[in-house]
Amino acid sequence: MNGEKPVIIPLKNGETVIFEDIIKLEDTQIQELSKLSFNRTKQEWRAAEKGVTIHLTTDQKTSILNFKNELIFNFTASEMIEEDIISVLPHAQKRINYRLEGHDSDTPLNYETLIKLAQAIIDADQVKKAQWKASRSLTYTFLSTYNKKSIEISLTFRSAIVIVTIIVPKGGPSKKDPGFTVRDIIEYKKNKQSLEN
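Residue numbers for the sequence shown, in our numbering: 941 to 1137.
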């Protein structure tokens, strides 16, 4: 995604992961990741409760926030839902229902909840950290609000903005084509704006 050559991350038993994210990791970050990645297979990493925390530089955090903001620039929360710009993993859906809405965890997310989630992505104004779990890219934790409550919302940028999970800190158009990418969303928005001007 960042135009750089993909990085090969070694895993246990000779497995590897091709890593290519929206930011370029520094050599020291890649070395640290590779030391820890070697301890588990891909399946073991995916099943693990926690992944490897990547300590981001200030510049990396700014780049990630800018990427997110550019991606959703001029979209309203409802347009994000209508254009299928966000996707919610089942694990996140359960947490959203239980932790944010007080519903049964298996209740399908309703339109109002999806709108509030889209707005939380729009309002996210700080990147807290990044995590890796044998994926091609990182999952980023953003700070935001939901119903005026402070939350952490973990996002990954794939064919859409994927909501991975929601954490509540203590105290506090038609379906897209299969080949649709995040970059396509940006291009779509630029073309849409050009036609309107």
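C-beta: ideal position from N, C-alpha, C; glycine also.
Residues bridged to residue i [DSSP beta-bridge criterion]
i        : result
Pro-950  : Thr-956
Trp-1072 : Val-992
Tyr-1086 : Lys-1089
Leu-1049 : Paired residue(s): none; Leu-1049 is not in a bridge.
7 angstroms Cβ shell around residue i - same chain, five flanking residues per side excluded
i        : result
Thr-993  : Lys-1069 and Gln-1071
Ile-1091 : Ala-1060, Ser-1084, Thr-1085, Ile-1106, Ile-1107 and Val-1108
Ala-1058 : Ala-1017, Met-1020, Ile-1021 and Ile-1026
Asn-953  : Thr-981
Arg-1039 : Ile-1106 and Val-1108
Straight-line Cα distance separating residue j from residue i
i        : j        : result
His-1031 : Met-1020 : 21 angstroms
Ser-1077 : Lys-975  : 17 angstroms
Asp-1117 : Arg-980  : With a pLDDT of 37 at Asp-1117, under the threshold of 50, the predicted position of this residue should be treated as unreliable, though the coordinate-derived value follows. Near 34 angstroms, if we compare the C-alpha coordinates of Arg-980 and Asp-1117.
Phe-1082 : Ile-1062 : 11 angstroms
Ala-1017 : Lys-1056 : 8 angstroms
Gln-1033 : Ser-1045 : 7 angstroms
Phe-1097 : Gln-969  : 20 angstroms
Ile-948  : Lys-1008 : 25 angstroms
Glu-1041 : Leu-996  : 31 angstroms
Leu-973  : Lys-1001 : 18 angstroms
Asp-1024 : Asp-967  : 35 angstroms
Trp-985  : Leu-1095 : 18 angstroms
Gln-971  : Thr-1047 : 42 angstroms
Lys-1088 : Ile-1036 : 15 angstroms
Asp-999  : Phe-959  : 20 angstroms
Ile-1093 : Ser-1099 : 18 angstroms
His-1043 : Phe-1015 : 28 angstroms
Sequence-distant residues of its chain with Cβ nearer than 6 angstroms to residue i (five each side left out)
i        : result
Ser-1003 : Ile-963
Leu-1029 : Val-1104
Phe-978  : Pro-950
Contacts around residue i, its chain only, beta-carbon distance under 8 angstroms, and the 5 residues preceding and following it disregarded
i       : result
Lys-982 : Leu-951, Glu-955, Val-957 and Ala-1074
Closest Cα partner of residue i within the set the options
i        : options                                   : result
Ile-1101 : Leu-1011, Glu-984, Asn-1087 and Tyr-1038  : Leu-1011
Leu-965  : Pro-946, Ile-1093 and Lys-1089            : Pro-946
Asn-1006 : Gln-971, Ile-1093, Val-1067 and Lys-1088  : Val-1067
Ala-1064 : Gln-971, Arg-1039, Glu-984 and Phe-1013   : Phe-1013
Asp-961  : Tyr-1080, Ile-1093, His-1043 and Lys-1088 : Tyr-1080
Using 8 angstroms as the cut-off, can you tell me whether the region 988-995 makes contact with the region 1042-1060, which would need three or more C-beta pairs spanning the two stretches below that distance? no
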